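**Student:** Could you have a look at this structure, given as structure tokens, before my questions?
In the UniProt record's numbering, the protein residues as written are 1 to 627.
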């Protein structure tokens with residue numbers, strides 16, 4: 001006791017004494033309070049610096065953590081795309097624009113003479129043809145020189161490494177985020193005395209802003225709604241036989257919808273191939289964009305149909321959301337890979353690689369005849385005459401399938417963006433205006449009956465965001481402008497959707513807690529990332545690049561730029577070491593070792609999580625016995 005008294009006297013000696021000691025203690029207390037206030041203000045400043053943090057907090061307070069999880073995921077995707085945009089813009093587009101040969105210097109950088117009349121028309125530019133096609137926006141514009149500019153910038157190598165690096169960075173950041181979310185999970189939620197904790201400890205007495213107080217009040221109300229739903233679901237009793245029948249019926253209807261969607265896309269793709277064979281210039285706007293529009297319309301209406309079907313299953317709202325995400329995931333996956341198959345058919349000219357080769361031979365033969373015509377029909381073998389100056393717009397050129405693929409992905413991205421914005425304006429805004437102003441003069445209550453205010457579609461928006469990102473990953477190798485387009489899309493979507501949620505939507509009837517749904521989004525994003533890399537890797541490894549456009553023209557395969565760099569820019573021993581390291585005999589055992597390590601670490605993590613849950617149960621039982 002005497003030791004405790006001595007420590008108390010030493011701690012508060014300044015307050016108990018007189019003169020300088022008391023003043024010093026008062027000064028120390030004042031500085032401590034100011035430091036604590038500075039720390040609190042600095043934390044508020046850091047929170048204010050997080051993009052859209054206050055908007056997301058306001059949405060979470062009124063609509064629950066499940067809706068807020070979508071906007072958190074959207075903000076995370078925006079950050080990833082800013083990095084991808086910085087890589088492609090800083091290491092590909094800007095060097096080519098500043099140090100590469102200018103427009104009009106080469107045939108691949110010049111609009112053909114036959115297209116010059118319509119190259120600047122709005123319809124042509126909106127279709128990403130004309131001057132847009134022959135610019136840094138697409139693959140075909142880039143030259144195959146090893147070095148460009150006074151910096152000797154290696155453009156083909158940079159183009160290849162940026163394409164591979166964006167995929168590698170995306171894999172790394174997605175897996176890292178999933179691991180961090182799993183660590184933050186902590187092995188489950190403690191729901192003991194949940195309502196008591198919310199009732200007596202939820203309010204923050206440091207709040208001094210009326211708007212913040214209103215948001216906190218709405219947040220506490222929403223958290224009570226979430227807790228009530230969780231408690232109701234835990235005590236719910238249901239007819240198991242009727243529930244099983246309804247769930248089987250719902251899955252059958254969902255499979256029929258997916259099958260019908262797949263057949264419709266297959267039919268439309270076959271029609272588009274027929275139109276391409278007959279010449280798209282003979283058809284109108286709808287025939288040229290039929291595949292993109294049908295995919296966008298299916299993505300707009302099928303999720304609504306799945307939402308109606310899911311009402312039969314009577315799942316917990318969180319489980320119902322995951323079933324909804326899975327069905328829309330299957331729908332979008334079928335749409336995406338049908339689109340990819342159609343592109344592969346166009347790349348292979350509807351049948352085989354030989355037709356590309358024969359077309360290349362025909363173009364080269366025509367170029368030979370064209371060169372001979374410049375010399376009045378004779379082909380000089382050892383002529384010393386000065387070269388004839390020819391406008392690059394008049395030079396014959398071959399097909400550039402890489403630019404064609406990039407254009408298709410850009411068109412699909414733009415059409416999907418426009419469909420999303422139109423859906424928000426018509427499906428949310430005009431619907432809310434109609435309900436708000438016509439409710440007073442209608443035969444029934446429009447707010448509580450049909451059509452009522454719309455709820456925020458979490459599953460449809462999440463899957464739309466994920467598959468749009470998959471198209472960016474697949475198409476950015478052929479269209480370096482895609483990350484920039486996606487950054488603009490995500491930036492405008494954040495403001496437009498935040499406005500639509502707060503002004504046009506109402507909270508869901510059953511507000512539920514998100515509970516790791518962000519990690520579920522990440523798992524789907526990782527799967528889409530893996531599927532998106534397959535077509536790009538296939539084209540890089542298996543399909544020869546176009547012979548007169550792009551940074552890899554003149555090579556048998558695109559990846560040969562690596563061996564060319566090792567041969568010219570590195571010592572011979574480094575090339576040998578790289579060749580040994582890239583031997584399949586070393587790569588396959590290394591991959592097998594990584595798979596086994598991942599399996600071991602996953603099993604260890606599960607065992608630790610089970611041990612934590614068991615320990616938590618023991619602590620709760622001990623606490624209950626003491627009470």
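Idealized CB from N, CA, C, for every residue including glycine.
Here the structure is a predicted model, which is why all the values come from computation and not from measurement.
(1) Suppose the cutoff is 6 Å on Cβ atoms and the five residues either side in sequence are ignored; what does the same chain contact list for residue 551 look like?
(2) State the beta-bridge partners of residue 506 as determined by DSSP.
(3) When DSSP labels each residue in this structure, what does residue 153 get in the three-state scheme?
(4) Can you give the Cα-Cα distance for residue 544 and residue 479, rounded to whole angstroms?
(5) Using a Cβ-Cβ cut-off of 6 Å (strictly less than) and excluding sequence neighbours within five positions of residue 420, which residues of its own chain qualify?
(6) Taking only runs of the alpha helix (DSSP H) that begin and end inside the region 588 to 615, which ones reach a length of at least 4 residues, in chain order?
(7) For residue 178, collect the residues of the same chain with a Cβ closer than 8 Å to its Cβ; drop the 5 residues on either side in sequence, then sort them by chain order.
(8) Which residue wins for smallest C-alpha separation from residue 482, given the options 51, 88, 5 and 61?
(9) Assign residue 324 to one of two classes, buried (16 or more other C-beta atoms within 10 Å of its C-beta) or exposed (fewer than that).
(10) If residue 335 and residue 265 are in contact, beta carbons under 8 Å, what's the gap, nearest whole angstrom?
(11) Are at least three pairs of beta-carbons, each pair with one atom in the region 453 to 460 and one in the region 494 to 506, less than 8 Å apart?
(12) Quick one: what's residue 148 bridged to in DSSP?
(13) Below 8 Å, can you find three or more Cβ-Cβ pairs linking the region 291 to 303 to the region 405 to 415?
(14) Which residues bound the alpha helix (DSSP H) around residue 562?
(15) With burial defined as no fewer than 16 other Cβ atoms inside 10 Å of the residue's Cβ, what is the status of residue 33: buried or exposed?
(16) To the nearest angstrom, how far is it from the Cα of residue 78 to the Cα of residue 267?
(17) What's the C-alpha gap between residue 570 and residue 555?
(18) Closest by CA to residue 492, which one among 75, 111, 67 and 427?
(19) Apart from the five residues just before and just after residue 26, which ones in its own chain have a Cβ nearer than 7 Å to its Cβ?
(20) What are the start and end residues of the alpha helix (DSSP H) that includes residue 118?
(21) Taking the alpha-carbon positions, what's the residue 486 to residue 591 distance?
(22) Please name the residue in 85, 243, 148 and 298 whose C-alpha comes closest to that of residue 260.
(23) Could you give the DSSP three-state label for residue 132: helix, strand or coil?
(24) Using a 10 Å radius around the Cβ and a threshold of 16 neighbouring Cβ atoms, would you call residue 583 buried or exposed?
(25) What does a CB cutoff of less than 6 Å around residue 418 pick up in its chain, not counting 5 residues either side in sequence?
(26) Beta-carbon within less than 6 Å of residue 148's beta-carbon, same chain only, minus the 5 sequence neighbours each way: which residues are those?
(27) Around the C-beta of residue 215, are 16 or more other C-beta atoms found within 10 angstroms, so that it is buried, or is it exposed?
(28) Leaving out the 5 sequence neighbours to the left and right, which residues in its chain are closer than 8 Å to residue 438 when beta-carbon positions are compared?
(29) Just to confirm my understanding: we take residue 458, look at its own chain, exclude 5 residues before and 5 after, and list those with CB closer than 7 Å. What are they?
(30) Do residue 395 and residue 107 have their C-beta atoms closer together than 9 Å?
(31) Would you kindly work out how many angstroms separate the C-alpha atoms of residue 463 and residue 123, rounded to a whole number?
(32) Which of helix, strand or coil does DSSP assign to residue 328?
(33) Give me the Cβ distance between residue 134 and residue 109, rounded to the nearest whole Å; I'm assuming they're in contact under 8 Å.
(34) Can the beta-carbon of residue 227 be found less than 9 Å from the beta-carbon of residue 200?
**Tutor:** This is what the structure gives:
(1) Contacts found: 142, 144, 155, 156 and 159.
(2) BP columns for residue 506 point to 455.
(3) strand
(4) 18 Å
(5) none
(6) none
(7) 519, 522, 523 and 526
(8) 88
(9) buried
(10) Between residue 265 and residue 335 the Cβ distance is about 6 Å, and since that is below 8 Å, they are a contact.
(11) Yes, the region 453 to 460 touches the region 494 to 506.
(12) 153
(13) yes
(14) 560 to 569
(15) With fewer than 16 Cβ atoms within 10 Å of its Cβ, residue 33 is classed as exposed.
(16) Rounded to whole angstroms, residue 78 and residue 267 show a C-alpha spacing of 35 Å.
(17) 20 Å
(18) 75
(19) Counting only Cβ-Cβ distances below 7 Å, and skipping sequence neighbours, we find nothing.
(20) Residue 118 -> no alpha helix (DSSP H), and no H or E assigned at all.
(21) 33 Å
(22) 298
(23) Coil.
(24) exposed
(25) none
(26) 99, 100 and 155
(27) buried
(28) 446
(29) So the list reads 66, 67, 70 and 321, once near-sequence residues are dropped.
(30) yes
(31) Cα to Cα, residue 463 sits roughly 30 Å from residue 123.
(32) helix
(33) Contact between residue 134 and residue 109 holds, with the beta-carbon distance rounding to 6 Å and staying under 8 Å.
(34) no
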